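The sequence shown begins at 568 in the working numbering and counts up by one.
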Amino acid sequence: RLRDVWRFYAQTFPATVRRELWMIVAAAALMLGGAAFGWLGMALDPDAAPYLVPEQHLTLDPDRRVAEEAAGDVASVGTQAEFSTFLFTHNIQVSFLAFALGLTAGLGTGVVLFLNGVMLGSLAQVYAARGHAAWFWAWILPHGIPELTAIFLAGAAGLILGRALLAPRGLPRRVALRKESKIALHLVVGTLPILVVAGLIEGTISQIHPPQLPVSLKIGFALAVGAALYAWLGSGWFGARDERTVASVRRD
568 RLRDVWRFYA QTFPATVRRE LWMIVAAAAL MLGGAAFGWL GMALDPDAAP YLVPEQHLTL
628 DPDRRVAEEA AGDVASVGTQ AEFSTFLFTH NIQVSFLAFA LGLTAGLGTG VVLFLNGVML
688 GSLAQVYAAR GHAAWFWAWI LPHGIPELTA IFLAGAAGLI LGRALLAPRG LPRRVALRKE
748 SKIALHLVVG TLPILVVAGL IEGTISQIHP PQLPVSLKIG FALAVGAALY AWLGSGWFGA
808 RDERTVASVR RD
């Protein structure tokens, strides 16, 4: 029912995010650690690009791309939509893979997060090395803030499954896994509208580049989106009822 859906996204999901904040921080640290590794790897050894940079960007020269975008010589709307659909599908796959691999005691989840971070960090360094860091982040951040947040949440869900297997808190692992899986599923299901919003932004604002849309406006838009997203996830607007809802799920 619509009322139940509203209650979940307005109460249960934000409460779960707050209760599992340290798992989310751990997932973010794994991915950002991978990003740092990718950046340093490309900075120290540009010849490592085939191993670090996403395959579709290996032959795409940053200078040429920025110039073509500025001149309006860009891909057709159909091509851009196809690319956005690919990225949207990829992010859903990454999110659910990070969650499902929690059954490897969290090891697979950590690998997925780290490797995706490596691709982001290495690509960022490629653009920064050519003097296009601001252009790159203006391209990535509008959709990247909600997108990465969704991946952090899904990664945290996978780590929660791993926690149930490694630290069942005195319970049989099967029982611990059943209890923790409910919390993990809340995080995964909660990411779905975030990924939808990220996909919509990625197919529109993210694809409009300077001078048509200045870097400052794109960064400002990204920060506004991030502020709204984290206000929702971190607010205590529904406080006591939220905590009772999550606590009841844990008892079950």
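Don't be surprised by glycine CBs; every beta carbon is placed ideally from N, CA and C.
Since this is a predicted model, take the numbers as computed values, not measurements.
- request: Following the continuous alpha helix (DSSP H) through V685, name the residue where it begins and the one where it ends.
  value: L674 to A696
- prompt: D612 by DSSP, collapsed to three states: which one?
  reply: coil
field: With 16 other Cβ atoms within 10 Å as the buried cut-off, status of E622
entry: exposed
query: According to the neighbour-count rule (16 or more other Cβ atoms, all chains shown, within 10 Å of its Cβ), is A791 buried or exposed?
result: exposed
query: Apart from the five residues just before and just after V685, which ones in its own chain have a Cβ nearer than 8 Å to its Cβ?
result: G601, A602, F604, G605, G608 and L619
- request: Identify the continuous alpha helix (DSSP H) that holds L767 and give its terminal residues.
  value: R740 to E769
task: Please report the residue range of the alpha helix (DSSP H) in which R631 lies.
output: P629 to A638
query: Distance, Cα to Cα, P581 vs F703?
result: 31 Å
- request: Compare the Cα-Cα distances from G793 to each of I712, A734, L784 and I727 and report the closest residue.
  value: I712
Limits of the unbroken alpha helix (DSSP H) element including G737: Taken as a continuous stretch (DSSP letters only), G737 belongs to no alpha helix (DSSP H), as it is neither H nor E.
Supposed close pair L762, N658 - CB separation, criterion 8 Å: 6 Å
task: Assign Q623 to one of three DSSP states: helix, strand, or coil.
output: helix
Own chain, CB closer than 7 Å to H710, minus 5 neighbours either side, in chain order: A765, I768, E769 and S773
query: Out of A610, Y797, T583 and V782, which has the shortest C-alpha to C-alpha gap to G688?
result: A610
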